[in-house]
């Protein structure tokens, strides 16, 4: 827990709301130069964790530190290097976009005019527009700009692409990638799984207030069994596939053997080649499959 | 540290209602001042009418010296109406100190900036103080100009006393609503609790001349501290000033403690 490359450390975080459980014993770290995807069904506690990281909620138990500084300490120290986009974004309606962003930069005791112009141009955001007249997508762009305009080294984003058009989403993904390469630590909470799959280095899956898994997307894929349909010209002894590594079930449909196995499927495929397989249809598990499998098994248990 | 960006934005967001309040106060002073020459010119009739009132009622309505300039202004403006305006103004601004951003949903961005909650709170309190000072200056200036125009010959230090007591009335109401609003994050709760307390205090204060029990607790009633002094005639009570300032300081300290130690609502 003392690695200097750790931008965010959440250690045994429990947050209760009165008798209601928010999250329980959540432990995770985010390194500089890493994008951590944050996944979970509605009400799983994602926003609770993010708001606790940003010091808006007080932990019931556990420790949270950002940039090596406990979030309970003076926020002027650690928040200067953070950017945050809340999940339920509200903006003051009677200001122009530029005036609002300038208001925030004054409170940050910085001048970010150049970066504001650059981000607005990339996201196609009109800085002269009144916030009350903006569409949901354009408001979201204001949220993204305010989170990134001071070039923070730690960024916490809750549903950042909600309402963004595909072009803005694409631009946003590029922005995140650039910031990661510059060494920024990013926590990205979203329901858009392919977005996480595309940009995240690691993924946290949260359900019912607990961490189900923290790992890279590839390793998470390895955790769930997927279906491989092996077609043969002659019938084969399907029972032999049961003993292959990672196989969870085997069934037969005519001349086809259907194997469910976790990745990698090396041993199954070697066996199939030996049996003279003529066609292999395999479905590579997506992050969505992983997410559904893990949360479903959590609910079942 | 006071954050001037917060103060300026808070004032800019509410400038219309602030101007409307000042215009309303000016209109009230103008109307009351315009009536005074008639009262002065018919003072004998008024004195006879006032003497026919029960003593307690004369006390409640401050009618003892109704036809004199100070007596007239005390009765018509300072016995209830203007202090009530300052109470409402203070409580309205106090209730929204932190609850405005919280209920408006903008708190999650503002309060994750590199500023402390105490800085934010102090800046919003400063805004409230600026509003109250401005309103006090507008009101006392209007009184002073009326005094000159109608040749009332009230000395300027009396207007200073009036201003001080009204400012403290507003500030104490601000502190009360601010403490509740900041502790709960709800504007309606802050305003509601403050107005219930102030109106109850006013009822107790008003009935003190008639009911012994209310008279016995009156020295502990903040409404007595706010309204019991006669700033236009007998000056201010240093004791009441100290009590109101202490109450306001306690309010700020309580708000600060409550705000720093609690979760921010979504």
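Residue numbers (the working numbering), protein chains in the order written: chain A, 418 to 718; chain B, 4 to 269.
Ideal placement from N, C-alpha and C gives every residue a C-beta, glycine not left out.
Notebook entry, point to check: Can you list, in chain order, the residues of the region 183-217 of chain B whose Cβ is nearer than 8 angstroms to any Cβ on chain A?
Noted result: none
Next item on the list: Check distances from the C-beta atoms of the region 559-587 of chain A to those of chain B and list, in chain order, the residues that come in under 7 angstroms.
Entry: Answer set for the region 559-587 of chain A: 563.
Next item on the list: Return helix, strand or coil for residue 1 of chain B, following the three-state DSSP convention.
Entry: Residue numbering for chain B in the displayed model covers 4 to 269; residue 1 of chain B lies beyond these limits and cannot be assessed.
Item checked: Helix, strand or coil at residue 479 of chain A [DSSP, three-state] -> Stepping through the first chain from its first residue, residue 479 of chain A is reached at position 62. Note: residue 479 of chain A maps to strand in three-state DSSP.
Check: Taking buried to mean at least 16 other C-beta atoms within 10 Å of its own C-beta, is residue 696 of chain A buried or exposed?
Finding: Sequence index remark: in the first chain, residue 696 of chain A carries index 279 (1-based). Exposed, by the Cβ-count rule.
Check: With respect to the beta strand (DSSP E) encompassing residue 221 of chain B, which residues constitute its N-terminal and C-terminal limits?
Finding: Against the second chain, residue 221 of chain B aligns to sequence position 218. Run containing residue 221 of chain B: none; DSSP gives neither H nor E here.
Checklist line | Contained alpha helix (DSSP H) runs [length at least 4] in the region 609-642 of chain A, N- to C-terminal order | finding: 610-616, 634-640
Next item on the list: Name, going along the chain, the residues of the region 99-121 of chain B whose beta-carbon falls closer than 7 angstroms to a beta-carbon of chain E.
Entry: Protein chains in the displayed structure are A and B, and chain E is not among them.
Check: Which residues in chain B sit within 9 angstroms of residue 525 of chain A, going by Cβ to Cβ distance?
Finding: As a position in the first chain, residue 525 of chain A is number 108, starting the count at 1. By Cβ distance, chain B contributes 116, 117, 118.
Note to self: Output needed in chain order: residues of the region 498-509 of chain A with a Cβ under 9 angstroms from some Cβ in chain B.
What the structure shows: Residues of the region 498-509 of chain A that bring their beta carbon within less than 9 angstroms of a beta carbon in chain B comprise 498, 499, 500, 501, 502, 503, 504, 505, 506, 507, 508, 509, in sequence order.
Check: Residues in the region 137-166 of chain B with C-beta within 9 angstroms of chain A's C-beta atoms, listed in sequence order?
Finding: none
Item checked: Contact test: residue 41 of chain B Cβ vs the ligand PLP heavy atom, cutoff 7 angstroms -> Among the ligands in the structure shown, none appear at all, so the ligand PLP cannot be discussed.
Notebook entry, point to check: When DSSP labels each residue in this structure, what does residue 555 of chain A get in the three-state scheme?
Noted result: Along the first chain, one-based indexing puts residue 555 of chain A at 138. Three-state DSSP puts residue 555 of chain A in a helix.
Item checked: Where the beta strand (DSSP E) containing residue 241 of chain B begins and where it ends -> In the second chain, counting from the first residue as 1, residue 241 of chain B sits at position 238. No beta strand (DSSP E) contains residue 241 of chain B, which is instead part of the alpha helix (DSSP H) from 241-263.
Note to self: Using beta carbons (cut-off 8 angstroms, strictly below), is residue 267 of chain B in contact with chain A?
What the structure shows: As a working mapping, residue 267 of chain B is identified with position 264 in the second chain. Chain A, which has a Cβ nearer than 8 angstroms to the Cβ of residue 267 of chain B, makes this yes.
Next item on the list: Label residue 418 of chain A either buried or exposed according to how many other C-beta atoms from any shown protein chain fall within 10 Å of its C-beta, with 16 as the threshold for buried.
Entry: Here residue 418 of chain A corresponds to residue number 1 of the first chain, with the count starting at 1. With a pLDDT of 45 at residue 418 of chain A, under the threshold of 50, the modelled position of that residue is not reliable, and the figure given next carries that caveat. Counting C-beta atoms within 10 angstroms of its own C-beta, residue 418 of chain A has fewer than 16 neighbours from the protein chains shown and is therefore classed as exposed.
Checklist line | Counted within 10 angstroms of its Cβ, other Cβ atoms place residue 241 of chain B as buried (16 or more) or exposed | finding: Residue mapping note: residue 241 of chain B aligns to position 238 of the second chain, counting from 1. With fewer than 16 Cβ atoms within 10 Å of its Cβ, residue 241 of chain B is classed as exposed.
Next item on the list: Using three-state DSSP, classify residue 268 of chain B as helix, strand or coil.
Entry: Counted from its first residue, the second chain places residue 268 of chain B at position 265. Coil, per DSSP.
Notebook entry, point to check: Would you report the Cα separation of residue 430 of chain A and residue 87 of chain B, rounded to the nearest angstrom?
Noted result: Sequence index remark: in the first chain, residue 430 of chain A carries index 13 (1-based). Sequence index remark: in the second chain, residue 87 of chain B carries index 84 (1-based). Near 48 angstroms, if we compare the C-alpha coordinates of residue 87 of chain B and residue 430 of chain A.
Note to self: Within 10 Å of its beta-carbon, does residue 591 of chain A have 16 or more other beta-carbons around it, so buried, or fewer, so exposed?
What the structure shows: Within the first chain, the letter at position 174 stands for residue 591 of chain A. Exposed, by the Cβ-count rule.
Notebook entry, point to check: Along chain B, which residues have their Cβ under 7 angstroms away from the Cβ of residue 487 of chain A?
Noted result: For the purposes of this step, residue 487 of chain A is taken as the residue at position 70 of the first chain. Chain B residues near residue 487 of chain A: none, gap ~15 angstroms exceeds 7 angstroms.
Margin query: Which residues does DSSP list as the beta-bridge partners of residue 433 of chain A?
Written below: In the first chain, the residue the question calls residue 433 of chain A occupies position 16. Residue 433 of chain A pairs with A:438.
Notebook entry, point to check: Hey, which unbroken runs of the alpha helix (DSSP H) at 4 residues or more fall wholly within the region 517-587 of chain A?
Noted result: For the region 517-587 of chain A, whole alpha helix (DSSP H) runs of length 4 or above, ordered along the chain, are 530-540, 553-565.
Next item on the list: Identify the contact partners of residue 474 of chain A in chain B, using a Cβ-Cβ distance below 8 angstroms as the criterion.
Entry: Here residue 474 of chain A corresponds to residue number 57 of the first chain, with the count starting at 1. By Cβ distance, chain B contributes 266, 267.
Next item on the list: For residue 433 of chain A, decide whether its Cβ has a neighbour in chain B, counting only Cβ atoms nearer than 8 angstroms.
Entry: Here residue 433 of chain A refers to the residue found at position 16 when the first chain is read from its first residue. It does not: the Cβ of residue 433 of chain A has no partner Cβ on chain B nearer than 8 angstroms.
Item checked: C-alpha distance - residue 492 of chain A paired with residue 218 of chain B, whole-angstrom precision -> Looking up residue 492 of chain A in the first chain gives position 75. Looking up residue 218 of chain B in the second chain gives position 215. Answer to the nearest angstrom: the Cα atoms are 50 angstroms apart.
Item checked: For residue 5 of chain B, three-class secondary structure by DSSP -> Taking the second chain and counting its residues from 1, one reaches residue 5 of chain B at position 2. Three-state result, residue 5 of chain B: coil.
Note to self: On the criterion of 16 or more Cβ atoms from any shown chain inside 10 Å, does residue 553 of chain A qualify as buried, or is it exposed?
What the structure shows: The residue you call residue 553 of chain A lines up with position 136 of the first chain. The residue is exposed, with fewer than 16 neighbouring Cβ atoms inside 10 Å.
Margin query: For residue 40 of chain B and residue 71 of chain B, what's the separation of their Cα atoms in angstroms?
Written below: As a position in the second chain, residue 40 of chain B is number 37, starting the count at 1. As a position in the second chain, residue 71 of chain B is number 68, starting the count at 1. So the alpha carbons of these two residues sit roughly 11 angstroms apart.
Margin query: Using 8 angstroms as the threshold, is the C-beta distance between residue 173 of chain B and residue 90 of chain B below it?
Written below: What you label residue 173 of chain B is simply residue 170 of the second chain in a count that begins at 1. What you label residue 90 of chain B is simply residue 87 of the second chain in a count that begins at 1. Yes. Within cutoff.
Next item on the list: Give the range of the alpha helix (DSSP H) segment to which residue 466 of chain A is assigned.
Entry: Translated into the one-based positions of the first chain, residue 466 of chain A becomes position 49. That run of the alpha helix (DSSP H) goes 463-470.
Check: Just reading off the beta strand (DSSP E) that residue 679 of chain A is part of, what are its end residues?
Finding: Within the first chain, numbered from 1, the residue matching residue 679 of chain A stands at position 262. Where residue 679 of chain A is concerned, the enclosing beta strand (DSSP E) stretches over 673-679.
Next item on the list: Give, in chain order, every residue of the region 8-20 of chain B whose Cβ lies closer than 8 angstroms to some Cβ of chain A.
Entry: 8, 9, 12, 16
Notebook entry, point to check: Does the region 516-524 of chain A come close enough to the region 559-572 of chain A that 3 or more CB-CB pairs lie under 8 angstroms?
Noted result: yes
Check: Beta-carbon separation of residue 561 of chain A and residue 540 of chain A under 8 angstroms?
Finding: Translated into the one-based positions of the first chain, residue 561 of chain A becomes position 144. Translated into the one-based positions of the first chain, residue 540 of chain A becomes position 123. Yes; because the gap between Cβ atoms is below 8 angstroms, this pair is in contact.
Note to self: Let me check understanding here. Comparing Cα to Cα, which of A:599, A:613, A:597, A:601 lies closest to residue 586 of chain A?
What the structure shows: On the first chain, position 169 is the one that residue 586 of chain A refers to. For the residues A:599, A:613, A:597, A:601, the minimum Cα distance to residue 586 of chain A belongs to A:613.
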